[in-house]
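Using my numbering, you'd call the opening residue of the sequence shown number 2 and step up by one each time.
The C-beta atom is built at its ideal place from N, Cα and C for all residues, glycine as well.
Note sheet for the following structure.
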Amino acid sequence: MQGEIEKRGNIGVIWIDNPPVNAISQAVREGLMTALASASADDEIHGMVLACRGRTFMAGADISEFASGPKPPGLTEVIDALSASPKLIVAALFGTTYGGGFEVALGCNYRISDASGKIGLPEVKLGIFPGAQGTQRLPRLAGVDFALKLMVSGNPASSKEALSAGAIDRIAETNDIVAAAVAYANELLSEDAPLRRTHEMAIDPVPYGKEYFDTFRKSIARKTRGMNAPERCVRLVEAAVDLPFAEGIKQERKLILEAMGDPQAKALQHVFFAERLANKVPGLSRDIELKSVESVGIIGAGTMGGGIGMSFINSGIPVTILELDKEALKKGLGVIQKNYESSAKKGRFTEAQVTERMNLITGTTSYDDLVGTDLVIEAVFENMEVKKEVFSTLNGVVRPDTILASNTSYLDIDEIATVVENPERVLGMHFFSPANIMRLLEIVRAEKTSPEVLATVLKLAKTIGKVGTVAGCCYGFIGNRMLSGYGREANLLVLEGATSEQVDRVLYDFGMPMGVIAMADLAGIDIGYRLRQGMDESHYDIRATYVADQLVEMGRLGQKTGAGTYDYEPGNRTPIPSPVTKKIIAEAAEKFGITQRKISDDEIIERCFYSLCNTGFDLLEEGMAYRASDIDIVYINGYGFPAWRGGPMHWAEHSVGLDKMLDGIRNSAEKFGDRWWKPSPLLERLVEDGGSLRDIQNQ
């Protein structure tokens with residue numbers, strides 16, 4: 002039963018026990034209301050402690066109620082009852098007190114936390130905001146600055162930060178948080194402490210006028226670009242400053258209804274569930290025996306190899322990095338050291354933590370030092386023969402059961418596996434740059450990859466803080482195969498009359514972190530150039546790559562040389578339109594018989610993203626992606642597709658409409674031919690049958 006009361010002297014401990022995270026379900030809410038009424042009427046109880054069993058205090062709403070809506074009593078009703086209690090209530094916080102759980106704590110008179118506890122209001126990440134009075138109670142309790150930071154970022158605060166702001170009142174000196182809370186309640190009663198009610202607290206409005214909030218909005222503008230929920234949070238904190246509590250609550254109720262109907266909320270909640278679904282592979286048993294990965298070898302000490310190494314040592318897994326050239330190895334290890342020292346200067350690590358991490362990494366120039374590793378990841382130049390040579394060498398050195406992975410972005414894992422005995426241990430682990438920061442790990446399941454190896458790497462992805470998503474073995478896998486059409490259309494649009502800066506602006510305004518042309522300059526346009534040297538021309542359009550190829554052959558490689566598609570001033574990364582590029586574009590248009598015309602912003606969106614999505618439908622049709630939501634996760638976490646749009650496939654279905662997208666693809670096929678614009682058969686079937694992507698899952 003939820004809300005069981007345990008008497009400890011004159012303190013009534015109200016227990017909640019709803020594993021695994023004590024979500025505030027209808028049964029919990031009902032139990033709390035009953036217990037509050039009972040404890041309030043019991044003359045032997047002078048004060049209460051709100052406590053939870055398990056690993057955490059209430060960690061938020063019951064997500065199963067998102068679709069159906071909560072049943073009474075509502076959470077605000079519970080919080081009102083806590084706040085109105087005639088007897089003192091202390092909330093005993095531990096673990097992760099998030100969302101509605103923290104709002105419940107705000108309804109209590111006092112809050113005590115264990116030393117490792119965290120509080121947070123992460124609702125903004127679901128496209129909503131704390132809708133159970135948190136927007137009005139927290140600023141009154143802990144101040145406007147802290148409330149805005151917690152609500153707008155959605156990131157948690159440590160117990161130390163919460164104590165400093167006044168969001169909690171004490172950090173327990175014992176591991177028994179309930180005993181500490183009972184002692185604290187007795188102490189408060191002995192001091193005749195007031196029943197501090199957050200709704201009765203006042204905010205001095207003088208420091209928080211229009212100028213303050215205008216400045217705050219400017220400070221978050223770049224990070225929250227395109228999002229609706231952060232602005233609603235700011236408006237509600239403004240209401241807490243300017244209005245009485247009851248009026249602020251009216252504003253909160255009005256905006257929560259608006260937020261719940263916002264397509265962005267639906268998109269972000271789709272992403273929330275999609276991330277949790279991504280590591281569930283159809284047909285892969287949960288009971289499968291996982292292989293032990295206690296040491297990792299990495300071939301290549303360049304940018305990718307170093308970043309991959311940092312991902313593992315950040316999680317306490319020892320790494321051996323192999324680089325045959327001593328100077329390259331020294332340089333690579335130096336870059337890792339410099340990265341950690343830079344983070345330490347910013348307060349992200351202590352000096353001791355930097356030393357601890359560097360002690361987990363060993364450099365070598367000999368394959369023999371990889372003999373005892375459990376996993377080896379190859380991160381060398383993107384060339385099939387080079388990679389096969391590496392795998393062939395590894396085959397003769399490491400144990401027969403050592404997992405062998407390639408970090409290739411495009412190449413055929415099945416072909417790489419042909420040089421290895423026991424090819425069932427081979428798969429792709431495609432990290433994204435910078436590998437120690439980017440969350441996505443695209444796990445490529447080759448034809449012979451064993452279920453044990455796949456399951457092990459999926460679990461390992463979680464261990465190192467990555468979102469692991471499984472892709473089939475095809476050219477470019479999920480992400481880069483789709484990206485090829487996106488980039489192709491952007492470059493063709495430039496030949497047809499759009500400017501590079503127009504294309505980049507439109508894609509940026511859509512929500513992408515950068516336009517695709519500026520992104521190529523940042524990465525280096527020579528990367529694609531080198532990749533195409535060994536690539537079959539069936540994979541790309543020579544018209545779309547012509548300008549980039551000419552620029553590379555002129556030595557204009559992007560930002561690193563001070564000029565690529567754009568020009569760059571020394572020490573400045575701001576792209577400047579280049580007359581050199583403009584001339585090459587005009588020559589290319591003439592060479593390929595393209596008559597330039599005015600291109601609308603809408604056409605740029607359609608051409609770039611319809612092409613990308615059409616390839617996504619093909620991937621589903623071919624079984625290269627298990628679910629449409631997996632594609633969404635790849636694009637959000639690997640390519641910066643705006644999460645508030647739900648990912649490209651969610652956007653295709655819920656923002657554009659599958660029928661409209663199919664019409665657009667067919668129109669492009671009529672105008673430009675069907676080499677690149679052949680509609681996906683899956684998309685055609687879905688439109689014809691009135692089907693949904695939710696129904697598509699490859700077994």
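Contact test: residue i Cβ vs the ligand SAM heavy atom, cutoff 8 Å
i	result
S485	Absence of the ligand SAM from the depicted structure is noted, as is the absence of any ligand whatsoever, leaving it without description.
Assigned secondary structure, residue i (DSSP; H/G/I helix, E/B strand, else coil)
i	result
R223	coil
M152	helix
L89	strand
D696	helix
G691	coil
G477	coil
P649	helix
T403	coil
Y569	coil
I322	strand
S367	coil
R358	helix
A524	helix
Y411	coil
Y99	strand
M2	coil
I120	strand
R171	strand
S114	strand
T351	coil
G469	strand
I299	strand
L707	With the chain covering 2 to 700 only, the question about residue 707 has no answer from this structure.
L94	strand
Residue i versus residue j - alpha carbon distance
i	j	result
G7	G48	Note on identity: in this sequence residue 7 is Glu, with Gly being the wrong assignment. Going by the C-alpha atoms only, they are around 12 Å apart.
A456	G55	28 Å
V490	T57	The sequence shown places Glu at residue 490, rather than the Val named in the question. Distance between the alpha carbons of E490 and T57 is about 50 Å.
S293	S410	26 Å
L558	G144	50 Å
S117	Q534	54 Å
A52	S39	16 Å
V391	A230	49 Å
T363	Y530	33 Å
S451	A406	13 Å
A133	R30	13 Å
V14	F103	18 Å
K672	I666	10 Å
T351	G308	20 Å
P283	Y627	8 Å
D660	F511	21 Å
E295	A653	42 Å
N23	G61	8 Å
R254	D602	37 Å
I120	D375	37 Å
L461	V454	10 Å
Q338	M515	29 Å
A181	T136	28 Å
Residue(s) in a DSSP beta bridge with residue i
i	result
K8	G13
P578	Y567
V495	For V495, which the question treats as bridged, DSSP gives no partner whatsoever.
A158	I120
Classification of residue i by the beta-carbon crowding that lies within 10 angstroms, buried from 16 upward
i	result
S681	buried
S220	exposed
N481	buried
T216	exposed
D115	buried
Q700	Only weak support exists for where Q700 lies, its pLDDT of 42 falling under 50; the value from the coordinates is given anyway. The residue is exposed, with fewer than 16 neighbouring Cβ atoms inside 10 Å.
V272	buried
F433	buried
P576	buried
G301	buried
G624	exposed
field: Complete runs of the beta strand (DSSP E) confined to the stretch 420 to 464 [at least 3 residues]
entry: 427 to 432 and 441 to 446
- prompt: Which runs of the alpha helix (DSSP H) fall wholly inside the stretch 372 to 400 and span at least 4 residues, in chain order?
  reply: 385 to 396
- request: Note down, one range per segment and in chain order, each alpha helix (DSSP H) of at least 4 residues found wholly within the stretch 187 to 246.
  value: 211 to 221 and 230 to 243
- request: Only counting runs of 3 or more residues, tell me where the beta strand (DSSP E) segments fall wholly within the stretch 17 to 92, in order along the chain.
  value: 48 to 53
- prompt: In chain order, which alpha helix (DSSP H) runs of at least 4 residues are fully inside the stretch 586 to 633?
  reply: 602 to 606 and 612 to 623
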